[in-house]
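Below is one structure, written out as structure tokens; comments come after it.
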Amino acid sequence: MKKFNHTILTLLLFGIFNSLSAGIVVVNGLSHSHEMQKGEMDKGVLVVRNNGSLPENIVIYQKDFSFNHKGESFYDEIGTNARSNANWMIINPISFVIQPQEEVEVVYEIRTPDSDTLRGTYWSTIMVEPAVELDTSTEDLSVSIRTVLRYAVQIVVNINPENEVLKSELQFLNVNLNTEGTNPKLLIDVENNGEVMLRTEMAIHIYYADGSLFGVFKSRRSRTYPGTSKRYIIELPKLEKGEYKSTLLADSENDEVLGVEVPFVIN
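If you want our numbering, it's the position in the sequence shown, counting the first as 1, plus 351.
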């Protein structure tokens with residue numbers, strides 16, 4: 352008997368939407384934040400649209416999510432992360448058929464536990480994925496490939512008890528200058544050791560050896576959750592050979608700016 356081989360290529364969309372091959376899209380954002388207190392209830396909505404020409408079967412499920420500065424992302428079973436909020440949520444519907452050019456609202460309800468220990472940022476993801484039906488009607492030996500766009504929508508809950516100051520702590524792990532290629536790049540690895548999510552922008556102020564300012568260069572602003580780490584990249588212009596002094600600043604939008612001195616030499 353001939354055998355068939357169907358290959359499914361899954362692309363995970365997190366924070367960036369690739370419009371080139373999208374039939375199913377989440378049109379109202381891939382990150383949703385809620386400011387809550389213990390024992391409260393809140394609701395949110397994901398709007399799913401079918402831009403394709405065929406009906407699609409959609410499944411909704413949850414995952415815990417974390418990442419590190421090495422570029423690794425982890426989608427684990429709910430409850431794996433100590434700061435998971437996945438078990439606080441009820442989602443409806445969890446599966447549906449969406450017609451071409453139709454929009455469907457997926458409603459999630461959050462109920463925070465009535466616990467005095469809750470403080471800081473809690474998060475997880477709601478996954479939105481077309482269900483793939485394999486065509487087994489043929490005995491053709493050829494390989495068929497279907498691209499599936501899977502969305503990971505971050506659901507963030509921030510709990511700030513009254514009259515309490517939450518711990519905000521960003522730690523530099525490594526700062527390296529990469530001189531490969533046309534222009535140098537500054538690679539900054541940091542870890543969030545605090546209790547709250549931080550949206551951080553890195554900026555480096557570069558000075559000549561005589562103390563005059565060469566320029567200020569910045570990274571993209573990006574988030575880290577408690578217990579996660581991230582690599583920030585600052586693109587630098589071509590630098591002449593010589594010694595430079597610099598101050599690296601981490602601005603996390605929380606009235607705190609962390610700075611370190613970073614001397615470097617271009618050979």
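Even glycine gets a Cβ: it sits at the ideal position worked out from N, Cα and C.
query, result
"Return the chain-ordered list of same chain residues with a C-beta closer than 8 angstroms to the C-beta of Lys-592, the five sequence neighbours on each side being excluded.", "Ile-617, Asn-618"
"For Asn-511, name the three-state secondary structure that DSSP assigns.", "coil"
"Does Asn-443 come out as helix, strand or coil in the three-state DSSP assignment?", "strand"
"In this structure, how does DSSP classify Ala-433 when only helix, strand and coil are distinguished?", "coil"
"I believe Phe-615 touches Tyr-583 by the beta-carbon criterion, under 8 angstroms. Please report the beta-carbon distance rounded to the nearest angstrom.", "Rounded, the Cβ-Cβ distance is 16 angstroms, inconsistent with contact."
"Following the continuous beta strand (DSSP E) through Asp-561, name the residue where it begins and the one where it ends.", "No beta strand (DSSP E) holds Asp-561; DSSP gives it neither H nor E."
"Excluding sequence positions up to five away, which residues of its chain have a Cβ less than 8 angstroms from the Cβ of Asn-605?", "Ser-519, Val-547, Leu-549"
"Please determine, among Lys-389, Tyr-576, Ala-601, the residue with the shortest C-alpha to C-alpha distance to Ile-506.", "Tyr-576"
"Taking Cβ to Cβ, would you say Arg-574 is nearer than 8 angstroms to Pro-512?", "no"
"Taking the C-alpha atoms as reference points, what is the distance between Tyr-459 and Val-504?", "12 angstroms"
"Kindly indicate which residue of Ala-601, Glu-407, Val-613, Ile-539 has the alpha-carbon position closest to the one of Ala-560.", "Val-613"
"Could you check the C-alpha separation between Ser-372 and Asp-467 for me, to the nearest Å?", "Caution applies to Ser-372, whose pLDDT of 39 falls short of 50 and renders its modelled position unreliable; the model cannot decide the point."
"Would Pro-535 and Leu-600 qualify as a contact pair, given that the criterion is a beta-carbon distance under 8 angstroms?", "no"
"Touching or not, the region 419-433 and the region 385-392, by the rule of three or more beta carbon pairs under 8 angstroms?", "no"
"Would a C-beta distance cut-off of 8 angstroms place Gly-403 and Pro-451 closer than the cut-off?", "yes"
"Could you give the C-beta distance for Ser-551 and Ser-417, rounded to a whole number, given that I count them as a contact under 8 angstroms?", "Checking the sequence shown, residue 551 turns out to be Thr, not Ser. So it is not a contact: roughly 17 angstroms between Cβ atoms."
"Which residue marks the beginning of the beta strand (DSSP E) containing Lys-536, and which one marks its end?", "536-543"
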